[in-house]
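Participant:
Chains as they are written, first to last, in the numbering used here: chain P, 1 to 307; chain C, 1001 to 1306.
Next comes the structure, spelled out in C-alpha cells:
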C-alpha cells in the first residue's frame, strides 16, 4: 500500500510538529502494539472464560432482565454489590460480560480452525494447479471461478436449511469462504517460481515432482500464505458473526457474538448494551487483526498491496 | 461465464436434493401424502428419472419461471420475487451512488492533503468500514438517529407517495444506504487514495507544476484523469457486492426486499422460496461480474492484449 511509502516520505520532515494522535497512528502502523495487545487480551479472556467469568453464561436470571451496565448507579443503588453486571445483562438476565468472554472462545477457535483448513486446502490446490498446469490447473481454476460466482451468504443460508445449523456446518462454510484467495495467489506465485533456475537445477539433479513442490516451491510461498491468512481472518470473523446474526450460524444458546447482537436487537430501545457490546467486541477484534495483517504484509510481502 | 452459471445452478440443485426427499417438502406435517398425490408430484418434478435428468428438468422449469410454491401460503415463488426485487434494487442503487459520492472524493482529499486531518479521517473511515459488521453499525445508527434523536425513520420503506425524490421518500433510504455503502465506500477511498498518491508522485505532475499550472487544475485535470482507472474498475467490480450486502441490511431495517424475504425463508424452512432467491442472486451476480469484466477492458485497453 501507499501507506508505507507515505510514512517514509513525511516522517523526517515534520517530526516535531505533528499532533499527538498523528504520532500515535504512525507509531501504531510501525509497531502494532495496540492490535497485539487487543488480540492477546481477547485470547486470555477466551482461555480463562470457564473459571474466571463472573457469571454462568447460560444461566438465566429473571430479576436481572436487561440490567444496565455498572455505571447506572441509580439502578444498582438498592442492590447488593455481587449483583452488579459489569456490562449489563440481556433480556433473559444473562450476564453480557461473561457471555462475551465465552463468545471470544467461539469467534477465535472457529475462525482459527477455518483459516487453517482453508489455508491448507487452498495452498495445496494452488501449488498443484500452478506446478502441474494443464488439465489440473484448468480444473482447479474453473472450480474456483464457479465458487466465486456463488453469493456466499445466500449459499450459507441454504446450507442452514439443508443441514441445520451446527458448528461443523459453520466451520465447513467458513473454510469454503477462505480457500479461494489462497488458490489464486499461490497458483500465480507458483507459476513464477517454477521457471526459476534453482527449480530446473533440482529437476536436473533428479528430484521428483513432489519433492520439488514441497522442498523447493512451498518455502517460497510461505510468506504469502501467512500474509493472506492474517489478512483474511478478520473477514472470517465478520462472516461468522453475520451468519450467526442471520440465524444461519451457530444455534441459539451459544454465546456467539453475532447471535448476541441479533438477540439484543428487539430490546434496542430499552437495553442498548445487549447489542452494543458484542458488536463492539467484533469491531475491536477484526480491526486489530486487520492492522496486524497490514503490518505483516508491509513487512513480509509488500507486493500484495491490493489484498 | 456460462460454465460458472451451470456450476452455480448445479450446486443449488444438489443442495435442494440434499434437503431430503423432495416429496416431504409437500407433505402436510402429521398427515403425509396420499399415494395419488405422491404420484402426481413425482410426475411433475420428474423424481422417477435419473439425477442428471432431474437437474435439466429442474433447470427447464427455472427458465420457464416456475420456481415452485412458498411453503406457508402456497404462493408462486416467481410472483413473490417479482414483487420484492424492485425494493432491493432501489436500495442497492442508492447505496452505490452514496458510496461513490463519499468514497472517491474522500480518497482524493486524503491523497492531496496527505498528513493532515483529512488524510487521517479518510484512513480511519476506511479502516472502520472494513472492520465493522454491517448489522451492528445499522442497529447503532437506528439507536442514535431513530430512537434517541428521532431524526430519521428506522428504515422500513413504506409505499410511495408524491414526488419520488421528496424528503418523505428519501429519508427512508438514508440509514440503510449508509450501512450498505460504508464497506464499499471504504474500499473506494483506499484505492482512490493510493492511485492518486502514485500519480501525484509522477514526473508529468511535477512538470505541470513546474510550468505553473494551478494546483486545482493539476489535481482535477492532470492527476485525477490518470488515477481514475483503479477506482472505476473497483466501482464496477463491487456492484455484485451490493446485491449480497442487501441481505443483511434489509434484515436490520425491515426493508421489504429479496434479502429480508430470504432471511424469513430460512426461519420458515421455506426451501423453494430460498432456492428461487438464490438463483436470482446467482444470475444478477453473474451479470454484474460480466459487466465488471467488460468494464476492465473498456477502461484500461492494455488489459485486452494481455
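Yeah, the Cβ is synthetic: ideal placement off N, Cα and C, and Gly gets one too. Just so it is clear, the structure is predicted and the values come from calculations on it, not from any experiment.
Does any C-beta atom of chain C lie closer than 7 Å to the C-beta of residue 267 (chain P)?
Facilitator: Locating residue 267 (chain P) in the first chain gives position 267, counting from the first residue. Judged by the 7 Å Cβ criterion, residue 267 (chain P) is not in contact with chain C.
Participant: Strictly by DSSP, which residues pair up with residue 89 (chain P)?
Facilitator: By 1-based counting over the first chain, the position of residue 89 (chain P) is 89. Answer by DSSP bridge pairing, in chain order: P:95.
Participant: When we look at the beta-carbon of residue 69 (chain P) and count the other beta-carbons within 10 Å, is it buried (16 or more) or exposed?
Facilitator: As a working note, residue 69 (chain P) is residue 69 in the first chain. Counting Cβ neighbours within 10 Å, residue 69 (chain P) comes out buried, since at least 16 surround it.
Participant: Terminal residues of the continuous alpha helix (DSSP H) containing residue 1142 (chain C)?
Facilitator: To locate residue 1142 (chain C), count along the second chain from 1; it is residue 142. Where residue 1142 (chain C) is concerned, there is no enclosing alpha helix (DSSP H), given that its DSSP letter is neither H nor E.
Participant: Is there a C-beta anywhere in chain P that falls below 7 Å from the one on residue 1055 (chain C)?
Facilitator: As a working mapping, residue 1055 (chain C) is identified with position 55 in the second chain. No, residue 1055 (chain C) lies away from the interface with chain P (no Cβ there is under 7 Å from its Cβ).
Participant: Taking residue 237 (chain P) as part of the alpha helix (DSSP H), name the residues at either end of that continuous run.
Facilitator: Here residue 237 (chain P) refers to the residue found at position 237 of the first chain. Its alpha helix (DSSP H) spans residues 218 to 246.
Participant: Among the residues of its own chain, which have a CB less than 7 Å from the CB of residue 365 (chain P), if the five just before and after it don't count?
Facilitator: Outside the displayed span of chain P (1 to 307) sits residue 365 (chain P), for which this structure offers no information.
Participant: Run the CB neighbour count on residue 98 (chain P), radius 10 Å, all protein chains shown included, and call it buried at 16 or more, exposed below.
Facilitator: Within the first chain, residue 98 (chain P) is the residue found at index 98, counting from 1. Buried.
Participant: Taking Cβ-Cβ distances shorter than 9 Å, what residues in chain C pair up with residue 241 (chain P)?
Facilitator: The count along the first chain starts at 1 and reaches residue 241 (chain P) at position 241. Per Cβ cutoff of 9 Å: 1133, 1135 and 1136.
Participant: Taking any Cβ of chain P, which residues in the segment 1198 to 1227 of chain C have a Cβ under 9 Å from it, in chain order?
Facilitator: Listed in sequence order: 1198 and 1201.
Participant: Would you say residue 1306 (chain C) faces chain P, with C-beta separation under 7 Å as the test?
Facilitator: Position 306 of the second chain holds residue 1306 (chain C). Caution applies to residue 1306 (chain C), whose pLDDT of 42 falls short of 50 and renders its modelled position unreliable; the model cannot decide the point.
Participant: Under 7 Å Cβ-Cβ, which residues of chain P neighbour residue 1142 (chain C)?
Facilitator: On the second chain, position 142 is the one that residue 1142 (chain C) refers to. Those within 7 Å of residue 1142 (chain C) in chain P are 268.
Participant: What does the alpha-carbon distance come out to for the pair residue 298 (chain P) and residue 290 (chain P)?
Facilitator: Within the first chain, the letter at position 298 stands for residue 298 (chain P). Within the first chain, the letter at position 290 stands for residue 290 (chain P). The straight-line gap from Cα to Cα measures roughly 12 Å.
Participant: Kindly indicate if chain P contains any beta-carbon less than 7 Å away from that of residue 1244 (chain C).
Facilitator: Within the second chain, the letter at position 244 stands for residue 1244 (chain C). Closer than 7 Å to some Cβ of chain P, the Cβ of residue 1244 (chain C) qualifies, so yes.
Participant: Just curious, the alpha helix (DSSP H) that residue 147 (chain P) is in, first and last residue?
Facilitator: The residue labelled residue 147 (chain P) in the question sits at position 147 within the first chain. Looking at the DSSP string, the run of the alpha helix (DSSP H) that includes residue 147 (chain P) is 134 to 148.
Participant: How would you label residue 74 (chain P), buried or exposed, when you count the other beta carbons within 10 angstroms and need 16 or more for buried?
Facilitator: For this step, residue 74 (chain P) is matched to residue 74 along the first chain. Exposed, because fewer than 16 other Cβ atoms sit within 10 Å of the Cβ of residue 74 (chain P).
Participant: Would residue 1250 (chain C) pass as a contact of residue 1260 (chain C) if the rule is Cβ separation under 7 Å?
Facilitator: On the second chain, position 250 is the one that residue 1250 (chain C) refers to. On the second chain, position 260 is the one that residue 1260 (chain C) refers to. Going by C-beta atoms, residue 1250 (chain C) is nearer than 7 Å to residue 1260 (chain C).
Participant: Consult DSSP for residue 185 (chain P) and reduce its assignment to one of helix, strand or coil.
Facilitator: On the first chain, position 185 is the one that residue 185 (chain P) refers to. The answer is helix: DSSP assigns residue 185 (chain P) an H, G or I state.
Participant: If you drop the 5 nearest sequence neighbours on each side, which residues of the same chain put their C-beta closer than 7 Å to that of residue 277 (chain P)?
Facilitator: Here residue 277 (chain P) is taken as the residue at index 277 of the first chain, counted from 1. Counting only Cβ-Cβ distances below 7 Å, and skipping sequence neighbours, we find 87, 96 and 100.
Participant: Does any residue of chain P have a CB that is nearer than 7 Å to the CB of residue 1009 (chain C)?
Facilitator: Mapped onto the second chain, residue 1009 (chain C) falls at position 9. Residue 1009 (chain C) does not count as touching chain P.
Participant: In angstroms with no decimal places, state the Cα-to-Cα distance between residue 162 (chain P) and residue 1275 (chain C).
Facilitator: For the purposes of this step, residue 162 (chain P) is taken as residue 162 along the first chain, with counting starting at 1. For the purposes of this step, residue 1275 (chain C) is taken as residue 275 along the second chain, with counting starting at 1. Near 11 Å, if we compare the C-alpha coordinates of residue 1275 (chain C) and residue 162 (chain P).
Participant: Run down chain C in chain order and give the residues with a C-beta less than 9 Å from the C-beta of residue 136 (chain P).
Facilitator: As a first step, residue 136 (chain P) is located in the first chain; it is residue number 136 there, counting from the start. The contacting residues do not exist; residue 136 (chain P) stays about 17 Å from chain C at best.
Participant: List, in order along the chain, the chain P residues whose C-beta lies closer than 8 Å to that of residue 1285 (chain C)?
Facilitator: On the second chain, residue 1285 (chain C) is found 285 positions in, with the first residue counted as 1. The contacting residues are 149, 150 and 151.
Participant: Under the rule that 16 or more other beta-carbon atoms within 10 Å means buried, what is residue 1206 (chain C), buried or exposed?
Facilitator: Residue 1206 (chain C) sits at position 206 when you count from the first residue of the second chain. Under this definition residue 1206 (chain C) is an exposed residue.
Participant: Are the segment 152 to 159 of chain P and the segment 212 to 227 of chain P touching, with three or more C-beta to C-beta distances below 8 Å?
Facilitator: Counting Cβ pairs under 8 Å, fewer than three are found: no touch.
Participant: Considering only the alpha carbon of each residue, which of C:1006, C:1298, C:1257 and C:1094 lies closest to residue 1171 (chain C)?
Facilitator: Within the second chain, residue 1171 (chain C) is the residue found at index 171, counting from 1. Nearest C-alpha to residue 1171 (chain C): C:1094.
Participant: Can you give me the C-alpha to C-alpha distance between residue 123 (chain P) and residue 1107 (chain C), rounded to a whole angstrom?
Facilitator: Position 123 of the first chain holds residue 123 (chain P). Position 107 of the second chain holds residue 1107 (chain C). Cα-Cα distance, rounded: 34 Å.
Participant: Got a sec, what are the start and stop residues for the alpha helix (DSSP H) residue 23 (chain P) sits in?
Facilitator: Here residue 23 (chain P) is taken as the residue at index 23 of the first chain, counted from 1. Taken as a continuous stretch (DSSP letters only), the alpha helix (DSSP H) holding residue 23 (chain P) covers 20 to 30.
Participant: For residue 112 (chain P), go through chain C and note every residue whose CB falls closer than 8 Å to its CB, in chain order.
Facilitator: The residue labelled residue 112 (chain P) in the question sits at position 112 within the first chain. Neighbours of residue 112 (chain P) on chain C: none; closest Cβ ~18 Å, over 8 Å.
Participant: Per DSSP, which residues does residue 1087 (chain C) bridge with? Please list them.
Facilitator: Taking the second chain and counting its residues from 1, the one referred to as residue 1087 (chain C) is at position 87. The partner list for residue 1087 (chain C) (beta bridge, DSSP) is empty, contrary to what the question assumes.
Participant: Under 7 Å between the Cβ atoms of residue 237 (chain P) and residue 286 (chain P)?
Facilitator: Start at 1 with the first residue of the first chain, and residue 237 (chain P) comes out as number 237. Start at 1 with the first residue of the first chain, and residue 286 (chain P) comes out as number 286. Contact flag set, yes.
Participant: Tell me the residue span of the alpha helix (DSSP H) that contains residue 49 (chain P).
Facilitator: Indexing the first chain from 1 puts residue 49 (chain P) at position 49. Here the alpha helix (DSSP H) through residue 49 (chain P) covers 33 to 52.
Participant: In chain order, what residues of the segment 20 to 32 of chain P put their CB closer than 9 Å to some CB of chain C?
Facilitator: Of all residues in the segment 20 to 32 of chain P, 21, 22 and 25 have a Cβ within less than 9 Å of some Cβ in chain C.
Participant: With H, G and I counted as helix, E and B as strand and the rest as coil, what does DSSP make of residue 9 (chain P)?
Facilitator: Locating residue 9 (chain P) in the first chain gives position 9, where the first residue counts as 1. Low confidence applies here, because residue 9 (chain P) scores a pLDDT of 43, under 50, leaving its location unreliable and the question unanswered by this model.
Participant: How big is the Cα-Cα spacing for residue 203 (chain P) and residue 212 (chain P)?
Facilitator: Position 203 of the first chain, counting from 1, holds the residue named residue 203 (chain P). Position 212 of the first chain, counting from 1, holds the residue named residue 212 (chain P). So the two alpha carbons sit approximately 7 Å from each other.
Participant: Buried or exposed: residue 1281 (chain C), going by 16 or more other Cβ atoms within 10 Å of its Cβ?
Facilitator: Against the second chain, residue 1281 (chain C) aligns to sequence position 281. Label assigned to residue 1281 (chain C): buried.
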